[in-house]
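Colleague: Residue numbers (our numbering), protein chains in the order written: chain A, 1 to 314; chain B, 1 to 336; chain C, 1 to 665; chain D, 1 to 175.
Ideal placement from N, C-alpha and C gives every residue a C-beta, glycine not left out.
Just so it is clear, the structure is predicted and the values come from calculations on it, not from any experiment.
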Amino acid sequence: MNAKANKNQSSCIEPSYYQAVTQAIRTQAVQVLKDGTVAGVVGYLPGRRKGTARPALITTPEEAEKLIFSPACVNNLSVYLTKSKKGVLKQGRIGIVAKGCDMRALAGLMGESQIKREDLFIIAVDCAGVYGSRAERSESVTEANIARKCHECTVHHPEGADFVAGAATELSGLTPLEAEEMARIEALPQAERWAFWKEHFSRCIRCMACRQVCPFCYCEQCLCDKNRPQAVENSPRPAGNTAWHIVRAMHLAGRCGGCAECERVCPMDIPLNLLNRRMAKELKELYDYEAGLAPAEKGPLNQYKEDDDQSFIK
Amino acid sequence: MPQIITEQNLRNLIDLLVKESKVVVGPKQADSVVLYQPLAAGSELTLDSLPRRSAKELFFPICENILSYQRLDGKMQVTDVDRSRFPETVLIGAPPCDAASPAILDAVFSWDYNDEFYLERRRKSTIVGIACTQGDDACFCTAVGLAPDTDTGSDLFLTPLKDGSYACKAVTEKGKALVDAHARLFGEAASADAAPFAEQGTEKLDLVKIKKWLEGHFEDPLWEKISDICVGCGSCAFICPACHCFDINDEGSTEQGSRRKHWDACGFSKFTNHASGHNPRDVQNKRYRNRIMHKFKYYDDKFGRTLCTGCGRCVRACPVGIDIAEILSTINAKQD
Amino acid sequence: MSRIGVFVCHCGENISRTVDVEQVASAAGEIPGVAYACDYKYMCSDPGQNLLKKAVAEHKLDGVVVAACSPRMHEKTFRKAASAAGLNPYLCDMANIREHCSWVHEDKKLATAKASDIVKLMVERVKKGKSLAPITVPVTKRALVIGGGIAGIQAALDIADAGHQVVLVEREPSIGGHMAQLSETFPTLDCSQCIMTPKMVDVANHPNITLHTYSEIEKVEGYIGNFQVTLKHKARSVDESKCTGCGICMTKCPKKKIPNEFDQGHGLRTAIYVPFPQAVPNTPVIDRENCTMFQSGKCGVCAKVCGPGAVDYQQEDRFSVEAVGAVVVATGFKLYSIDRKPEGSPIQGYGEFGYGAIPDVIDGMTFERLASASGPTGGKILRPSDGKEPKQVVFIQCVGSRAREKGISYCSKVCCMYTAKHTMLYHHKVHDGQAYVFFMDARTPGKGYDEFWRRAVEEEEAVYIRGMVSRLYQKGEKIVVMGSDIQVGVQVEIEADLVVLATAVQAQDGADLLAQKLGISYDKYNFYSEAHAKLKPVECATAGIYLAGACQGPKDIPDTVSQASAAAAKVMTLFSKDQLERDPVVAKVNEKYCVGCLACKKVCPYGAVEEKEIRDRQGNLVKVVAYVNPGVCGGCGTCQATCPSKSVELDGYTDEQIMAMIESL
Amino acid sequence: MHAEAKQHDFEPKIVAFVCTWCTYAGADLAGTSRMQYPANVRVLKFPCTGRIDPVFILRAFQKGADGVLVSGCHPGDCHYMAGNFHARRRFAAFRALLDFVGVDLHRLQFSWVSAAEGGKWVEVVTELTERVRAMGPMLEFKSLEHEEQWSAFQAMADVPGVVNTPELKEAYDKI
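#1: Please report whether the beta-carbon of K198/A lies at a distance below 8 Å from any beta-carbon of chain B.
#2: Tell me the DSSP secondary structure of H532/C in three-state form.
#3: My parser needs the beta strand (DSSP E) runs of 3 or more residues fully inside the region 593-662 of chain C; what are they?
#4: By Cβ distance, which residues of its chain are closer than 7 Å to D651/C, with the 5 residues on each side in sequence left out?
#5: Please tell me whether K19/B has its Cβ less than 8 Å away from any Cβ of chain C.
#6: Expressed to the nearest angstrom, what Euclidean distance is found between the alpha-carbon atoms of E261/A and G31/D?
#7: Can you find a CB in chain C that lies within less than 8 Å of the CB of P47/D?
#8: Quick check: what's the CA-CA separation for V632/C versus K612/C?
#9: Compare the Cα-Cα distances from E116/B to each of D250/B, S49/B, F59/B and C132/B and report the closest residue.
#10: Give me the Cβ distance between C11/C and A68/C, rounded to the nearest whole Å; I'm assuming they're in contact under 8 Å.
#11: Of all the residues that make up the region 593-622 of chain C, which are near chain A by a beta-carbon distance shorter than 7 Å?
#12: Note down the Cα distance separating R79/C from V126/C, rounded to an integer number of angstroms.
#13: Return the residues of the region 121-132 of chain B that lie within a Cβ-Cβ distance of less than 8 Å from chain C, sorted by chain order.
#14: Does the beta-carbon of M35/D have 16 or more other beta-carbons within 10 angstroms, so that it is buried, or is it exposed?
#15: For N227/A, name the three-state secondary structure that DSSP assigns.
#16: Residues in its own chain within less than 7 Å of G132/D by CB, not counting five upstream and five downstream?
#17: Evaluate R85/B with the Cβ neighbour count: other Cβ atoms within 10 Å of its Cβ, from every protein chain shown; 16 or more gives buried, anything less gives exposed.
#18: What number of angstroms, rounded off, separates the C-alpha of N2/A from the C-alpha of S11/A?
#19: Mind listing the chain A neighbours of D655/C? Cutoff is C-beta to C-beta under 8 Å, in chain order.
#20: Where does N88/C sit, in a helix, a strand or coil, going by DSSP?
#21: Using the Cα positions of V229/C and K517/C, report the straight-line distance between them to the nearest angstrom.
#22: Taking Y313/C as part of the beta strand (DSSP E), name the residues at either end of that continuous run.
#23: Under a Cβ-count criterion, where at least 16 other Cβ atoms within 10 Å of its own Cβ denotes burial, should L29/D be classed as buried or exposed?
#24: In this structure, how does DSSP classify F60/B when only helix, strand and coil are distinguished?
#25: Which residue marks the beginning of the beta strand (DSSP E) containing K478/C, and which one marks its end?
#26: Is the Cβ-Cβ distance between L283/A and G254/A less than 8 Å?
#27: How is the beta strand (DSSP E) around W263/B delimited, first residue to last?
#28: Taking C-alpha atoms, which residue in N226/C, A180/C and L211/C lies nearest to N368/C?
#29: Just to confirm the assignment, what range does the alpha helix (DSSP H) spanning M279/A have?
#30: So is S342/B in contact with chain C if we call contact Cβ pairs under 8 Å?
#31: Got a sec? Which residues, its chain only, sit under 6 Å from V238/B by beta carbon, not counting five neighbours each side?
#32: Using a Cβ cut-off of 8 Å, pull out every chain B residue sitting near W150/D, in sequence order please.
#33: Can you pull the chain C neighbours of T272/B, defined as C-beta to C-beta under 9 Å?
#34: Pull the bridge partners of W213/B from the DSSP assignment, please.
#35: Report the residue ranges of all beta strand (DSSP E) runs contained in full by the region 184-245 of chain C; include only those spanning at least 3 residues, in chain order.
In structure tokens:
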């Protein structure tokens with residue numbers, strides 16, 4: 001899948017790799033801003049606290065000199081193309097820094113007519129990995145602090161970008177944590193699976209961070225905010241929470257690119273990406289579909305084949 | 001010499017209180033997170049990390065029924081909540097940034113309307129605060145006028161000592177009563193050497209100056225600059241010890257159901273959505289501005305207090321790294 | 001608060017026998033929003049409908065639920081009544097407490113409880129219902145008739161005579177269908193071709209009929225009043241506009257020994273041919289598989305002899321799009337064969353009859369050709385194997401039909417009569433011959449039919465044996481037929497010279513594929529389904545598509561012609577107005593909330609969803625949203641279930657209605 | 001053919017979401033053929049299985065259904081050509097999701113019942129009803145409905161109609 005897969009693997013990603021990516025992003029961003037290719041660039045700036053970063057929209061070459069790429073650059077910036085940054089797109093082309101997992105969202109959004117390829121200048125990151133949620137912000141990245149999603153990353157080396165920053169050396173021998181956890185849950189007796197999710201969903205406070213950071217939750221009126229009729233209870237009680245997370249997973253089925261932002265931002269540590277991954281696995285098995293590998297005209301749930309599996313139908 | 005309680009006796013105290021049919025709430029591990037939760041035994045108390053949600057839910061639950069209704073024999077019957085049945089509650093192990101929050105919130109819940117749901121829970125609760133030894137670079141309690149050893153809001157305040165026990169200070173009558181009722185668990189201190197308090201990451205802020213700046217800058221380029229990356233979730237508000245907005249929803253059918261009060265957040269796009277469809281806070285930076293304004297100006301205007309305890313939860317949790325301490329520093333540094 | 005009226009029907013005793021209708025009515029009266037509830041013996045009767053109308057006025061009702069039979073039965077009746085009372089018809093719904101309750105449950109307590117629940121569901125639905133106004137769409141007054149047999153011909157002529165344009169499509173080189181193959185017809189024994197060919201000529205000469213033979217339906221798009229049908233004109237290799245029908249090509253064609261399908265393979269034809277002399281059009285077609293020119297590139301005789309130069313070996317399949325407002329499906333039938341069937345096929349062949357390998361065991365249609373004056377034997381009954389005149393002929397009825405073990409349980413309806421006819425034709429032609437008929441029952445409902453059958457038995461000396469044939473086999477020149485006479489209770493063995501099987505009538509090959517193109521439903525035998533067995537026997541459930549003839553089920557000629565005229569009448573009714581009123585159950589987009597992901601467009605089976613640009617007053621593009629063309633929307637609601645934000649909503653089945661129903665459970 | 005009027009300890013609530021063209025008509029046929037089946041099923045009619053949103057199934061379970069049946073036209077028979085094909089994929093995915101969160105799929109039945117299959121309708125409904133009856137009530141979603149976050153401290157008065165705030169009492173009496 002990765003034409004230029006880097007076979008050199010290591011047990012620690014050194015700060016020098018991130019510095020190199022940072023430098024490449026800065027140079028490219030300055031150039032495209034200077035020559036007028038783009039009206040702005042969505043990238044990362046350092047945060048106040050050491051070892052943190054945050055998204056930023058920059059519009060001048062001077063600001064572009066401050067862009068960074070560090071293990072703290074966890075955000076999927078494509079969320080800004082459909083939500084708060086919608087306006088920027090109208091002023092012209094926009095540059096966006098995107099990791100491989102973020103690019104899957106971009107492809108999905110193109111397929112859903114939310115963005116156009118020609119409106120974007122994609123500065124892709126050949127990505128070695130980023131911090132996990134609440135991981136220790138040491139300067140180098142190891143198995144101990146790399147994000148769960150990065151353990152099973154298949155898109156280290158993104159394709160189809162306008163520019164690729166850096167050359168990643170992947171960590172070797174990472175345990176596929178999510179796959180193992182998914183297999184563990186699948187193997188549980190049905191009642192224990194229910195208990196597992198019930199415990200997690202009950203903790204949910206409905207802060208909607210999962211929805212708000214999701215590049216695909218771009219509806220102007222979320223079904224779950226509607227009260228006439230009320231399909232999902234608004235109140236943060238176990239009943240409504242369970243319904244919300246089921247509906248969310250269903251709405252993302254066949255669309256989610258696996259950036260796992262929902263799970264990262266959950267203040268209650270609900271393993272939401274497991275749901276997304278489970279759906280992705282099902283759709284891969286049933287319809288041989290993987291979301292976001294390329295802009296697709298139709299997702300797996302808005303197309304069909306006459307001989308689709310119907311073994312579950314009497 | 002002040003009174004002390006050993007860690008073991010603190011746990012024993014919890015066991016005793018549970019036996020007395022009191023609800024004891026304290027930090028407890030739940031999967032990977034620590035949350036304030038009812039403790040079944042003293043052994044469940046976890047004191048090594050700040051709970052992910054603040055302690056406000058003890059008085060201001062995430063969601064509570066405020067009445068229920070049912071059609072019986074063709075007539076709608078409304079059933080109120082029997083608040084006299086709220087249990088006696090002891091909150092144990094709240095750091096100053098959490099213990100201080102009810103003291104701030106009392107004002108708004110007993111202002112033009114006495115929120116008996118909140119107030120009854122307050123009346124029935126005793127807060128055992130604990131001085132904080134575990135700050136990180138997101139903490140800024142000192143910047144907003146509190147400190148790792150502030151006993152504001154606590155009925156009984158514990159200060160960790162180097163020998164592992166806690167110095168006790170009865171701040172209120174409630175606190176004194178708690179000590180008196182279980183006197184045998186408390187002893188005399190051998191030494192009063194307090195463990196080192198938590199370090200803070202920010203300088204002290206001039207809250208008066210900040211408020212003054214806010215008064216003159218309802219419209220300011222700063223708002224767009226700091227909040228244009230806000231994605232409009234409610235995680236900052238929901239885990240905040242001071243945010244107290246709520247929504248009321250009727251849930252159920254035309255036959256029976258409940259009226260529920262639950263947390264709401266000014267960051268949500270629908271928060272100020274009018275029935276007409278008009279939304280005065282139509283873009284995210286206006287919503288984020290409200291968060292800052294409410295905390296550092298409006299609440300002070302009305303109640304003379306700052307609506308922030310500097311716990312740093314929002315700094316840690318913000319999905320996009322918006323840092324309120326940094327914003328306050330920026331405003332603090334402004335000259336105009 | 002709504003003011004709903006609930007009317008609980010007894011349906012004589014059909015409902016009240018198992019459902020306590022009074023209790024259902026009184027429980028309905030307790031439902032919030034129900035202003036009036038009563039029960040009545042026959043709601044669909046005039047007094048019943050008047051009761052409803054009166055109650056609407058008296059109690060100022062703003063919605064009505066009639067708890068009675070299936071809405072498929074009387075929804076229209078009550079909506080009309082509600083409408084007459086000044087209520088929007090879409091605020092009148094039926095609670096099906098008969099088909100779904102009283103008829104399927106016996107426990108009165110349970111049935112009553114269920115009926116009350118059904119009423120409650122429908123009350124909630126009506127409460128959240130909206131007034132809907134019919135949608136008007138223009139009607140293209142041009143009809144498509146698929147199939148050029150007697151059904152299609154009759155329908156086409158009727159519609160054309162009414163002054164409307166008709167496109168008649170036939171997949172064979174000539175129209176005429178099965179009726180053109182028949183010798184004589186029951187019960188009058190008039191010559192089939194004598195009555196058929198004039199109609200075929202009428203079709204060819206009718207100014208309002210455009211005939212496309214050797215053509216098939218490729219694709220059907222659109223909806224009632226506005227279909228776009230793509231036709232595939234198979235390459236004939238003869239230019240119809242140039243051909244004069246002189247026939248010299250056929251006489252000169254060197255390939256002369258091809259079994260003629262029209263004669264059931266018993267006559268011979270050339271590679272360039274017309275199926276039968278009276279074919280319409282009389283333009284030959286080249287059978288490319290058997291043509292030397294096409295197979296080896298060497299010959300070209302027909303092109304050389306053709307004066308007008310009509311033969312065109314390069315001709316390719318051609319496609320055309322026809323805009324029509326209505327479609328009559330008249331694709332007819334095929335005959336069951338006793339041949340071995342593929343593995344796993346639900347329909348079985350007859351191993352006990354030799355799987356069709358015995359040459360003198362033929363089917364009824366072959367007998368028709370043998371008896372036909374224009375047939376391969378010139379009307380003489382000669383058996384296929386050696387051309388001898390058979391003296392003992394055994395006719396076996398119900399071969400495949402009513403034979404559940406062979407996979408077909410229905411009666412083919414025409415065999416009793418045509419077998420009786422065959423015995424007569426045989427007796428007329430072979431005076432010293434003897435006909436035997438093995439039969440289960442003689443089914444002769446039809447004008448003059450039983451008289452006809454009796455004539456066969458009583459006057460024409462056919463020996464009817466009530467019983468089945470268990471086996472037959474070749475023995476020398478004879479075919480031994482072993483059967484039983486259950487009336488006498490003995491085994492019968494007849495050494496026959498010829499055996500004629502009355503094989504079952506089956507749906508045409510590919511009937512299911514055509515149905516899928518048309519979007520009409522079909523039964524498990526691939527016969528097309530009418531919208532209602534009794535009251536809408538001609539209409540399909542898909543609006544604007546009508547059925548005629550044996551494609552819907554076995555039928556004889558009079559029934560076929562009647563139905564064809566009926567279908568034509570339905571088409572004329574549709575064409576009687578310039579605008580058609582359509583059911584307003586269509587999807588609408590909420591443009592405020594639609595974000596233009598266009599998932600709805602991707603799933604819409606009708607292509608009804610278009611992109612629409614929303615612009616501000618200055619003309620700047622604000623966003624692109626989905627737009628549903630109400631004229632094209634079929635009302636399935638797949639878009640709404642797909643839309644993540646529910647920004648598209650199907651009128652009549654809104655989320656609010658459905659959720660309210662679920663809440664009430 | 002006469003069904004025995006057996007008494008069961010538990011009568012499940014079965015909700016059926018059916019399309020109007022095939023399964024609803026098939027159920028009508030069961031009626032006109034006077035077939036017998038358990039009275040537990042409540043039918044909600046949709047134009048097409050394509051209209052059936054997974055949320056409806058979820059909602060039905062939340063609102064007390066012990067079993068849910070979704071039934072429509074056989075592939076190729078859809079009155080709307082493709083609605084059932086889309087539904088088929090949607091429900092295949094939804095089943096997997098429900099299974100993963102721990103819902104017993106024996107409570108959720110999908111079927112194709114054509115207008116001609118009155119007998120199959122009876123068979124499907126009877127089988128699901130009996131299976132769910134043997135499984136007992138669907139407690140998962142129902143019990144969730146009554147669960148609260150710990151801090152809510154359920155304290156509803158025992159007696160309905162007890163109104164102990166003067167404001168509420170006053171407001172209530174005005175109704």
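Modeller: Result, derived from the coordinates:
#1: Walking along the first sequence from the start, residue 198/A turns up at place 198. Proximity of K198/A to chain B, defined by a Cβ-Cβ separation below 8 Å, is not satisfied.
#2: The residue you call residue 532/C lines up with position 532 of the third sequence. Strand at H532/C.
#3: 609-615, 621-628 and 648-650
#4: Along the third sequence, one-based indexing puts residue 651/C at 651. Once the five neighbours on either side are set aside, the close Cβ partners of D651/C are K130, L132, P584, V585, V586 and K588.
#5: Position 19 of the second sequence, counted from the first residue, corresponds to residue 19/B. Contacts with chain C at 8 Å (Cβ-Cβ) do not include K19/B.
#6: Position 261 of the first sequence, counted from the start, is the residue given in the question as residue 261/A. Position 31 of the fourth sequence, counted from the start, is the residue given in the question as residue 31/D. One C-alpha to the other measures close to 53 Å.
#7: Along the fourth sequence, read from residue 1 onward, the residue named residue 47/D stands at position 47. So, interface residue.
#8: Translated into the one-based positions of the third sequence, residue 632/C becomes position 632. Translated into the one-based positions of the third sequence, residue 612/C becomes position 612. In a straight line, the C-alpha of V632/C is about 16 Å away from that of K612/C.
#9: As a position in the second sequence, residue 116/B is number 116, starting the count at 1. If we check each option's Cα against that of E116/B, F59/B comes out closest.
#10: Against the third sequence, residue 11/C aligns to sequence position 11. Against the third sequence, residue 68/C aligns to sequence position 68. Confirmed, about 6 Å.
#11: Y593, V595, G596, C597, L598, A599, K602 and V603
#12: Walking along the third sequence from the start, residue 79/C turns up at place 79. Walking along the third sequence from the start, residue 126/C turns up at place 126. Distance between the alpha carbons of R79/C and V126/C is about 12 Å.
#13: Going along the region 121-132 of chain B in chain order, one finds no residue with a Cβ nearer than 8 Å to chain C.
#14: Position 35 of the fourth sequence, counted from the first residue, corresponds to residue 35/D. Buried, since its Cβ has 16 or more Cβ neighbours within 10 Å.
#15: By 1-based counting over the first sequence, the position of residue 227/A is 227. N227/A: coil per DSSP, three-state reduction.
#16: Within the fourth sequence, numbered from 1, the residue matching residue 132/D stands at position 132. Contrary to the premise, residue 132/D reads as Val rather than Gly in this sequence. Answer for V132/D: P12, I14, D66, G67 and R107, listed in chain order.
#17: Within the second sequence, residue 85/B is the residue found at index 85, counting from 1. The residue is exposed, with fewer than 16 neighbouring Cβ atoms inside 10 Å.
#18: The residue given as residue 2/A occupies position 2 in the first sequence. The residue given as residue 11/A occupies position 11 in the first sequence. Interpretation of N2/A is limited by its pLDDT of 43, a score under 50 that renders its predicted location unreliable; no figure is taken from the coordinates.
#19: As a position in the third sequence, residue 655/C is number 655, starting the count at 1. Here the neighbours are P229 and A231.
#20: In the third sequence, the residue the question calls residue 88/C occupies position 88. Three-state DSSP puts N88/C in coil, outside helix and strand.
#21: Taking the first residue of the third sequence as 1, we reach residue 229/C at position 229. Taking the first residue of the third sequence as 1, we reach residue 517/C at position 517. The straight-line gap from Cα to Cα measures roughly 10 Å.
#22: On the third sequence, residue 313/C is found 313 positions in, with the first residue counted as 1. No beta strand (DSSP E) contains Y313/C, which DSSP labels as neither H nor E.
#23: The count along the fourth sequence starts at 1 and reaches residue 29/D at position 29. By the 10 Å Cβ count, L29/D comes out buried.
#24: Translated into the one-based positions of the second sequence, residue 60/B becomes position 60. Looking at F60/B - three-state DSSP - the assignment turns out to be coil, as it is neither helix nor strand.
#25: Taking the third sequence and counting its residues from 1, the one referred to as residue 478/C is at position 478. Taken as a continuous stretch (DSSP letters only), the beta strand (DSSP E) holding K478/C covers K478 to D485.
#26: Position 283 of the first sequence holds residue 283/A. Position 254 of the first sequence holds residue 254/A. Their beta carbons are under 8 Å apart, which means L283/A touches G254/A by this criterion.
#27: Mapped onto the second sequence, residue 263/B falls at position 263. Looking at the DSSP string, the run of the beta strand (DSSP E) that includes W263/B is Q256 to W263.
#28: To locate residue 368/C, count along the third sequence from 1; it is residue 368. Looking at the sequence provided, one finds Glu at residue 368/C rather than Asn. Selected option, being the one with the closest Cα: A180/C.
#29: Residue numbering aside, residue 279/A sits at position 279 when the first sequence is read from its first letter. Here the alpha helix (DSSP H) through M279/A covers L272 to Y287.
#30: The structure shown does not extend to residue 342/B, since chain B is modelled only from 1 through 336, so no value can be given for it.
#31: Translated into positions along the second sequence, residue 238/B becomes position 238. One detail in the question is off: residue 238/B reads as Phe in this sequence, not Val. So the qualifying residues of the chain are W263.
#32: Position 150 of the fourth sequence, counting from 1, holds the residue named residue 150/D. What W150/D touches in chain B: Q37 and P38.
#33: Position 272 of the second sequence, counting from 1, holds the residue named residue 272/B. Simply none; closest approach about 17 Å.
#34: Translated into the one-based positions of the second sequence, residue 213/B becomes position 213. None, per the DSSP bridge assignment.
#35: Complete beta strand (DSSP E) runs here, min 3: 209-212, 215-223 and 226-233.
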